[in-house]
Structures are given as structure tokens and as C-alpha cells.
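Read the structure below first, then the notes.
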């Protein structure tokens, strides 16, 4: 199934100006740099990385909440800059988002029916009863009893709320859903249900997912392709099997090695995860990961590695041949 | 689909019931609510309750003491003033005026304050700076002094006094609204509304505003008492309601010269002001406890 891509990002970057008081010059925070990807309907792109790696910044660019500092976003092959005012609502509607915190993403003063009906009230000319029917239908699709549409969000559990959030995203009939850590706030017991629901809905509505997560076990389950971000830059980009079977970049290996797993017998090589992600205001010279990298060499200090093809994937590491070869 | 037609939303536990459950924990607030209800009833039924018309002068009964004092009569339960008007009747009719003034002042400043606060919170930048700095300037001046200046410019009278007090109490509402808007507008549910295509007016009034109401309701209740007090103060200074209007502050001012020999002419209007203001403050505190999650134990 090779349908034409619905979303493309080309060399996306987002920098923030940070004021550091009166006496010092404002600094530039490179939250995101050099991210490119292609996303097709029915596929899931996972974005992984530690906190502060730029995952959520990427989500805000893709959902058009913010405008990238440089780079292009193409929707159906067309740059989003070229959409004029009359086409903008349609574009907006096509890219929806599911948030991490199901407690903050639903308006506490509105009933579930009103929350789900809002996209229709804004974007369609449906009457109140047609909207109600559509809301009930969507609630049934995400596994909620439609009778509960008169209730307020605080009366639902975390998993149910996340179902509501997913339903709201789908009410706009989107093509792309950006999910920013949609299950990390949920109990482990509910995670699988929500993930399965998302997979079913992806196939039913032929959606494309951008799935942001730091939970690699979830990513392995849902994703087709994975981008690993470190300090705003992609360090490895690969199909999900490739990445998990043979991680190439030292950072990817560290992430995979530190994923908790059930069978302790087949213990992998333990890469000691030492240190924390450096401040994005003063990133290290050369390779941003070199400070924590067990394989760091002289070249890593001098030159920043670019993303380059290596064994069915792209990696940004000078020494990948020595490490993974 | 017939199944869909049969779906009836399950009734949700009433948020009002929840609110009442917290509210009644505070005995002061409940007392305040009862007293205010009594004042409202008195004001509504003033014509039926008051024993005499408020402007009627009884030439045979100047400065009659209240019924329970020596020389008093039950014909005038709280006594009469210097031109023989029944004080109880005037206080009951004055309640009407005070509540009306409070209501109008609070509505005016609340409406304008919410508009300016939303504007400041949503536009940021130069508009916000302009609005907030002018509010700071207004806050820097003593409220009553500023009100006096405004009335002096507009001319004395009850209507102008109301405008003046509404303007003076504006900064509190603007600041509260802006603070709440700024706290709310970056939340995920607001972003979700934006993604759904909501424009700024919808975001402001439908999405954000209902979540900012709790502190505003509290401030409005407390503002009610300030309004009653300030109108009385302006009336006392001769800048508010003009005689012979039965306004509490004006009654105080009229009776000032008889304070030494007829204590009741100033005591009862004063008590009316005190009790009303106190009740609204108690109610406001109770509402804050019940509505404002930050204050909740």
C-alpha cells in the first residue's frame, strides 16, 4: 500500500528567543533543528526522545499551533504557507491533536456532548440534533456509552477521558492525528486498550499518526517508522523493526537498553546511562550526545555529525561503522 | 438509526448540589445569605412592609424616639426624623435603592471589566500594556477620592454616583479576568478548541470565560458591598442621591445635626449599611471558599 504522502516535513527548525535579564543578550534556544520526514495515510510515525529533546515542539509545528523558524511543512504535497485564508479552516481541521494530560485537555465546564459537538458547531452547518447523533455515534466508536454525553469530564476516569480526547480529535474528520504522549498519563492496564483503540481508528478512518512518546515499548507496538530526537536534532531514523532489532546510534541503544522489560534472563548489554540531557541554550560542540556517549572520540568534538544513510536507515553519528558495523 | 434516537443522557450529579454542600460548611456565609435574602424580600415588598410612605411628613411627630425607648410609639417603630418621616419606612425603601445601585454598579463594572480583561489577556503586547497600566494608575488613587472627582466632573446625583463607583471598581475586575485568562489560555483544552477551528471571540467567551468565572463571582459579591458603602458615602457627602430620596447615606447626612439629641436618626440607617455590607462580605468569603479551587482545603 503506497498511497501518496499526506504530510511532509522538510528540514524543520524552531528556535526560541530567551531573554536572560536586562544585562545579557537574549539567547537562541534551538528547540528543533533539521527534522525531515514523510508520512502517508494509514501509517504511524513515532517520535522518541527524553524530555527536552524537542518532541512537543515538533508537535506544535506539525499542528500549526506555531510557525517553524525555517523549513517547510507540506500537506498533500502543498506547502502550508501557500494555503490562503479561505483554505485555512480546512487545513486546520485536517490536522488534529491528542494531548498528554487527559485532565487538562478537556474543558472542565462543558459536558462531553458539548466538547465533542464543538468542532461540528464551528465547522459544519449541522443542526443540533444531527450534531447530537454524530456525537453519540463517535462515542460508541471510541467505546464510550453515548448515554454519558451529558456528563462532565471530571466524572470520567483517565482512560475514558483519553477516549473522549481521541473522539474530539476525530470529530473534525482529520487526515492526520498528532498524539503527544497519549498514554503516558494512563495506568498501564488501560494503555493497551487506548493504543488498540487508536490502531483500530487509524485503519477505519485511514489516518496518519504522529505518535510522540518516550515509552519505547508502546512505540514498538504502534509505529511503522521512528525518529529519535536528541536535543532537537534527529539522531536516527529507521523502520520500527530495524530500529529495535539493530539500533545503530549510541543514544538509541541507550534508550532501548533502559526500557524496562519483563524477561530478565535475556538481559542485553547494559549501556550505563550517565548524565542528563545538556541545556539546549549551550549545547556541546560537535555531536550533542558526545558528553554521554561511551564511544565519543576526537572527531565527535570537532564536527557535528549529519544524518546519513547507514544499513537501511539514517544515522547521525561519526563512528556508527565502528559501533554497529 | 432508531437506537440512536432512544439515547437519553444520564443525569449527572448536580454541580449546584456540590457547591451547596461546600458552601453550607461556612456558618457565616449561610447567615449572610439569609440576611441578604431578607433584605431582598424587604426591598421587593417595600410598599407592603413599610408602615408609612417614605416621604410622608407627620407634623405632629418630629424626632419621635423608637418604640422601645422612652417616649416612643409603635406607630413609628424606629422613630421619626427631624421632619416627621418614619425611619423604618425610609430604611426599607432605601434597601430597594441600595440593592439597585449595588446591582447596577456591579453589572456595569463586571461587564466592562470582563471585556477589558479578555482583551488584555488575549491580545497581549501594546494593548495589554495600555489597559493594565491605566488600571494600575486608577488603583494608585484612593477609590473614594477618585469617585468624588468623577462625580464632581459629571455633576452630583445618584446616576452619576453609580457611574463613578463603577469606574472606580473597574480595575479589580480587569486584573482578575486577565490573570484568569492568561492562566487558562495556554491550557490544552483551549489549544484543542483552536485546532477545532474556534476563532478568538469563541475562544474568549465560550471556551475560556466560563472557566474564569469563579473568582469574578466572588469579587462581584464583595464589590456589591463596596458599591453600597460608596454610594452611601457619596450620598453622605451630598454628591450621591439628593434629598428627599430615602437613601441610607443621604439619610445619615440629613440627620447629622440632630445626632446629639436624637441618636436613632443616625443609628438605624448606619446599622442598615453595616448589616448589608457585612452580609455581602460574609457571603463573598463563603463563595470564595466554595468556588475558588485554590482556596479549597
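Protein chains in written order, with this note's numbering: chain A, 188 to 512; chain B, 345 to 641.
Glycine included, each C-beta is placed from N, C-alpha and C at the ideal position.
Look at residue 291 (chain A): its C-beta is under 8 Å from a C-beta on chain B.
The Cβ neighbour count for residue 412 (chain B), taken over all protein chains shown within 10 Å, is under 16; the residue is labelled exposed.
Secondary structure in the region 345-424 of chain A: the beta strand (DSSP E) runs of 3 residues or longer, each lying completely within the stretch, are 363-367, 395-400 and 412-417 in chain order.
The beta-carbon of residue 535 (chain B) is placed less than 8 Å from the nearest beta-carbon of chain A. For residue 432 (chain B) and residue 573 (chain B), the gap between their C-alpha atoms comes out near 19 Å. Considering only A:484, A:197 and A:245, the residue with the shortest C-alpha distance to residue 397 (chain A) is A:245. For residue 327 (chain A), there is no enclosing beta strand (DSSP E); the residue is found in the alpha helix (DSSP H) stretching over 315-328. Proximity of chain A to residue 539 (chain B) at the Cβ level (cut-off 7 Å) is accounted for by 250, 279, 283 and 284, in chain order.
Look at residue 430 (chain B): its C-beta is not under 8 Å from any C-beta on chain A. Taking C-alpha positions only, residue 561 (chain B) is separated from residue 389 (chain B) by approximately 26 Å. Only exposed fits residue 473 (chain B), as fewer than 16 other CB atoms lie within 10 angstroms of its CB.
Nearest C-alpha to residue 500 (chain A) among A:318, A:355, A:433 and A:409: A:433. Shown here, residue 489 (chain A) sits in a helix according to DSSP, grouped into three states.
For residue 489 (chain A), the closest alpha carbon among the candidates A:495, A:498, A:476 and A:294 is that of A:476. Separation of the CB atoms of residue 201 (chain A) and residue 255 (chain A) is rounded to 5 Å, and the pair is thereby assigned contact status at 8 Å.
At least one C-beta of chain A is nearer than 8 Å to the C-beta of residue 555 (chain B).
For residue 367 (chain A), the closest alpha carbon among the candidates A:506, A:509 and A:283 is that of A:283.
Pairing residue 527 (chain B) with residue 551 (chain B), the inter-Cα distance amounts to about 13 Å. Residue range 431-467 is occupied by the alpha helix (DSSP H) that includes residue 437 (chain B). Residue 351 (chain A) places its beta carbon 8 Å or farther from that of residue 373 (chain A). Per the C-alpha coordinates, the member of A:496, A:437 and A:426 positioned closest to residue 232 (chain A) is A:426.
Comparing C-alpha distances from residue 446 (chain B) to each of B:501, B:608 and B:568 shows the shortest one belongs to B:568.
Under the Cβ criterion of 8 Å, residue 305 (chain A) is counted among the residues facing chain B. Judged by their CB atoms, residue 267 (chain A) and residue 251 (chain A) are nearer to each other than the 8 Å cut-off.
Its chain contains 202 and 204 as the residues whose beta carbon lies nearer than 7 Å to that of residue 215 (chain A), once the 5 sequence neighbours on both sides are disregarded; these appear in chain order. Contacts with chain A at 8 Å (Cβ-Cβ) do not include residue 424 (chain B).
Our two residues, residue 463 (chain B) and residue 377 (chain A), have alpha carbons roughly 41 Å apart in a direct line.
Only buried fits residue 323 (chain A), as 16 or more other CB atoms lie within 10 angstroms of its CB.
Beta-bridge analysis with DSSP links residue 533 (chain B) to no other residue. Nothing from the region 465-492 of chain B brings a Cβ to less than 9 Å from some Cβ of chain A. Residue 532 (chain B) reaches chain A at 286, 288, 291 and 292, counting residues in chain order whose Cβ is nearer than 7 Å. Listed along chain A, the residues sitting closer than 8 Å to residue 542 (chain B) by beta-carbon distance are 305 and 309.
Taking a Cβ-Cβ cut-off of 7 Å, the neighbours of residue 551 (chain B) in chain A comprise 294, given in sequence order. About 27 Å separates the Cβ atoms of residue 518 (chain B) and residue 581 (chain B), ruling out a contact at the 8 Å cut-off. Residue 225 (chain A) sits in a strand when the DSSP states are folded into three classes. DSSP assignment within the region 213-280 of chain A yields the following whole alpha helix (DSSP H) runs of 4 residues or more, N-terminal first: 242-249.
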